[in-house]
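Below is one structure; the comments refer to it alone.
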Amino acid sequence: MTLVLLVADGARPDAFPAAIDAGHLPALARLRAAGSAHTITTVFPSVTGPAYLPFLTGWHPGDAGIPGIRWWDRGGRHVRTPGGARSYVGIDALLADGDLDTRCRTLFEAEPDAIAAFAPFTRGLPRHRRLDGSPAAWLRLAWHHFRGDLPGWLALERAVADRFATRVARERPAVAFLALPGIDKVSHALGADAPEVLDAMRVVDGTVERLTDDAERAGRGEALAIWIVSDHGHAPVAHHDDLADALRDAGYGARAHPWAWRGGDDISVMVGGNGMAHLYLDLARPTRPWWPTLAPHRTALVDWLLARPSVDLVLLPLDPARCAVRARTGNALVWRDAAGRHHYRRETGDPLRLDADTPPNGLDAEAAHDATIDGAYPDALVQIIALAGAARSGDVIVSATPQWDFRERYEPVPHRSSHGALHREHMRVPFLTSHPVRGTPRRTVDVFPSALARLGRSVPDAGQGRSFL
Ligand SMILES: [Zn+2]
-3 MTLVLLVADG ARPDAFPAAI DAGHLPALAR LRAAGSAHTI TTVFPSVTGP
47 AYLPFLTGWH PGDAGIPGIR WWDRGGRHVR TPGGARSYVG IDALLADGDL
97 DTRCRTLFEA EPDAIAAFAP FTRGLPRHRR LDGSPAAWLR LAWHHFRGDL
147 PGWLALERAV ADRFATRVAR ERPAVAFLAL PGIDKVSHAL GADAPEVLDA
197 MRVVDGTVER LTDDAERAGR GEALAIWIVS DHGHAPVAHH DDLADALRDA
247 GYGARAHPWA WRGGDDISVM VGGNGMAHLY LDLARPTRPW WPTLAPHRTA
297 LVDWLLARPS VDLVLLPLDP ARCAVRARTG NALVWRDAAG RHHYRRETGD
347 PLRLDADTPP NGLDAEAAHD ATIDGAYPDA LVQIIALAGA ARSGDVIVSA
397 TPQWDFRERY EPVPHRSSHG ALHREHMRVP FLTSHPVRGT PRRTVDVFPS
447 ALARLGRSVP DAGQGRSFL
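Read in order, the letters of the sequence shown correspond to residues -3 to 465 in this note's numbering.
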């Protein structure tokens, strides 16, 4: 059998159902009718690259060593470029596999009979099994990306999807991975509700139609399973608060891309999405300073952040399993105990707006998901600890207020819509399957172990997902 994993990058959970109901996506309508449709939770940061790790490894991004689409390497032991900062928006994307924790097993290592296109992590996949592996292909991608040429991008995407379908029909791999970034690109430039988003969704629909037709014509319709998922949602932005510029104006020496090697030694500002940022402080210290050691001289910085309307949540990692949460509405503590249970203690107010008379306490990962899923910050208890406790994460992590993001300059196309934050609009994504599923899909991190179960492969013990099959 062949399992096709199709990432409709940046699709909101409501986008496909609305377009299917309106009759615009006939192949997806048939797929949904025969299978199932769900809304599940992605990871924080809800940004392309890190948010692909759940499908490709079953790991949360921080644990996998990729805490953001931009991050800073304290001590400079891993990143060799001047300034020690990584940004996968650009040539560093070629280094992503090498940044991945060696304990992660990728989809392509677990199932070598695979092909992939537009996968940001391809460890274990030989070059001839990648459809976008040539330098010429990368140059074409970069050209359309930096020009912000949306019709050009969608034409290129259709061509790649077509080649992908041809190879699926011919080679019948066990697993075939295709990411289609068009919905995300159109949403950033024009807004997630723009009519042009439908053009990008039609590429997904056309790909499903082609894959299904080819399989049925070859008499192997039942041997084809298609799963469609997204890596993050999208929400409108009315204001950009360029955090690096604002910090410099406030007198801090701040480094940020694209000039990550200069600007000062106070703070390294690594924005992604652009609804979140890792802030690294006391850059000369070779080992990670947890918040208690920073608090005496950095409290003013946190007060400064919370005074900005763009900043919704400030996360202050206390140690690998505890994190202070600050918001204008109050302070709280989130932690995971030695038995893996999650806790929330309000100190003042209710920064995660859980609105419960009894704050969630002592919950395993599933229960912690279900207790927070209807709120403003779905899965917040698990997601905050997974990111805040990770070795490469910032010493202060900020999540943006709805309608705001943290980057103004140096974007090839001005963002009208963004993602990256812990907010509901960014964290919930669609998940469609061509066959009904019996269990309850909760998170994108469950997709990887479920895919291996579907393929009849053993599921590694490491990793945080649970199979829903
Ligand atoms: Zn994006």
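Here a beta-carbon is modelled for each residue, glycine too, at the ideal position from N, C-alpha and C.
Let me know the alpha helix (DSSP H) ranges lying completely inside the region 357 to 384, each 4 residues or longer, listed in chain order. 361 to 368 and 376 to 384
Do S42 and G385 have their beta-carbon atoms positioned less than 8 Å apart in this structure? For the purposes of this step, residue 385 is taken as the residue at position 389 of the sequence shown. For the purposes of this step, residue 42 is taken as the residue at position 46 of the sequence shown. The answer is no: Cβ separation not under 8 Å.
Can you give, in chain order, each stretch of the alpha helix (DSSP H) that sits fully within the region 282 to 366 and has at least 4 residues? 287 to 302
On the CB-based measure, 16 or more other CB atoms within 10 Å of its CB, does S454 come out buried or exposed? Locating residue 454 in the sequence shown gives position 458, counting from the first residue. Under this definition S454 is an exposed residue.
Inter-residue spacing [alpha-carbon to alpha-carbon] between V298 and R424: In the sequence shown, counting from the first residue as 1, residue 298 sits at position 302. In the sequence shown, counting from the first residue as 1, residue 424 sits at position 428. Going from the Cα of V298 to the Cα of R424 covers about 28 Å.
Per DSSP, cross-strand counterpart(s) of P426: Here residue 426 refers to the residue found at position 430 of the sequence shown. Per DSSP, T35.
For the candidate residues G390, F173, P78 and D195, whose alpha-carbon lies nearest to that of V182? Here the question's residue 182 lines up with position 186 in the sequence shown. Nearest option by C-alpha distance: D195.
Distance, Cα to Cα, L1 vs A172? As a position in the sequence shown, residue 1 is number 5, starting the count at 1. As a position in the sequence shown, residue 172 is number 176, starting the count at 1. Each residue's alpha carbon lies about 6 Å from the other.
CB Y373 to CB H419, shorter than 8 Å? On the sequence shown, position 377 is the one that residue 373 refers to. On the sequence shown, position 423 is the one that residue 419 refers to. Yes, these two residues count as a Cβ contact at 8 Å.
For the 8 Å Cβ check, are there 3 or more pairs between the region 70 to 82 and the region 251 to 270? yes
Given a cut-off of 8 Å on the beta-carbon distance, is the pair T38 and P426 in contact? In the sequence shown, counting from the first residue as 1, residue 38 sits at position 42. In the sequence shown, counting from the first residue as 1, residue 426 sits at position 430. Contact: no.
Taking only three categories from DSSP, how would you classify L243? Stepping through the sequence shown from its first residue, residue 243 is reached at position 247. Of the three classes helix, strand and coil, the one that applies to L243 here is helix, per DSSP.
Keeping to the same chain, check which residues put their C-beta closer than 7 Å to that of R324; ignore five residues upstream and five downstream. Within the sequence shown, numbered from 1, the residue matching residue 324 stands at position 328. Here the set comprises L302.
For A175, write down the residues that DSSP places opposite it in a beta bridge. Counting from one through the sequence shown, the residue named residue 175 turns up at place 179. V3, per the DSSP bridge assignment.
Per the DSSP calculation, L220 is bridged to which residue(s)? Your numbering for residue 220 matches position 224 in the sequence shown. DSSP, once it has assigned bridges, lists T(-2) as partnering L220.
Taking its Cβ as the centre, do 16 or more other Cβ atoms sit within 10 Å of Q399, making it buried, or is it exposed? Residue mapping note: residue 399 aligns to position 403 of the sequence shown, counting from 1. Answer is exposed; the Cβ neighbour count stays below 16.
Alpha carbons only, please: which of E205, D158 and L(-1) is nearest the one belonging to R26? Counted from its first residue, the sequence shown places residue 26 at position 30. Minimum Cα distance to R26 is reached at E205.
I need the straight-line Cα distance from G435 to L465, nearest angstrom please. Sequence index remark: in the sequence shown, residue 435 carries index 439 (1-based). Sequence index remark: in the sequence shown, residue 465 carries index 469 (1-based). Their Cα atoms are separated by approximately 6 Å.
Residues bridged to D401 by DSSP? Within the sequence shown, numbered from 1, the residue matching residue 401 stands at position 405. Answer is H236.
Shorter than 7 Å, the distance from the beta carbon of G6 to the closest heavy atom of ligand 1, or not? Reading the sequence shown from its first residue, position 10 is the one you call residue 6. True, at least one ligand heavy atom lies under 7 Å from that Cβ.
Around the Cβ of P292, are there at least 16 other Cβ atoms within 10 angstroms (buried) or fewer (exposed)? Numbered from its first residue, the sequence shown carries residue 292 at position 296. That one is exposed.
Around the Cβ of I87, are there at least 16 other Cβ atoms within 10 angstroms (buried) or fewer (exposed)? For the purposes of this step, residue 87 is taken as the residue at position 91 of the sequence shown. Exposed is the call here.
Just to confirm before moving on: does the CB-CB distance between R294 and L277 stay below 8 Å? Start at 1 with the first residue of the sequence shown, and residue 294 comes out as number 298. Start at 1 with the first residue of the sequence shown, and residue 277 comes out as number 281. With contacts defined as CB atoms closer than 8 Å, R294 and L277 qualify as a contacting pair.
State the start and end residues of the unbroken alpha helix (DSSP H) segment that holds R450. For this step, residue 450 is matched to residue 454 along the sequence shown. Taken as a continuous stretch (DSSP letters only), the alpha helix (DSSP H) holding R450 covers V443 to R450.
Distance, Cα to Cα, P355 vs G345? Mapped onto the sequence shown, residue 355 falls at position 359. Mapped onto the sequence shown, residue 345 falls at position 349. The alpha-carbon atoms of P355 and G345 are separated by roughly 12 Å.
Within its chain, find whatever has a CB closer than 6 Å to the CB of D201; leave out the 5 residues flanking it on each side and keep chain order. Residue mapping note: residue 201 aligns to position 205 of the sequence shown, counting from 1. Result list for D201: L21, A23 and L24, in chain order.
Does the Cβ of D180 lie closer than 7 Å to at least one heavy atom of ligand 1? Counted from its first residue, the sequence shown places residue 180 at position 184. Yes; taking the cut-off as 7 Å, the Cβ of D180 has a heavy atom of ligand 1 nearer than that.
For H235, count the other beta carbons within 10 Å of its own beta carbon; 16 or more makes it buried, fewer makes it exposed. Which is it? Indexing the sequence shown from 1 puts residue 235 at position 239. Answer is exposed; the Cβ neighbour count stays below 16.
Do S413 and V233 come within 8 Å of each other at the CB atom, strictly closer than that value? On the sequence shown, residue 233 is found 237 positions in, with the first residue counted as 1. On the sequence shown, residue 413 is found 417 positions in, with the first residue counted as 1. Yes; because the gap between Cβ atoms is below 8 Å, this pair is in contact.
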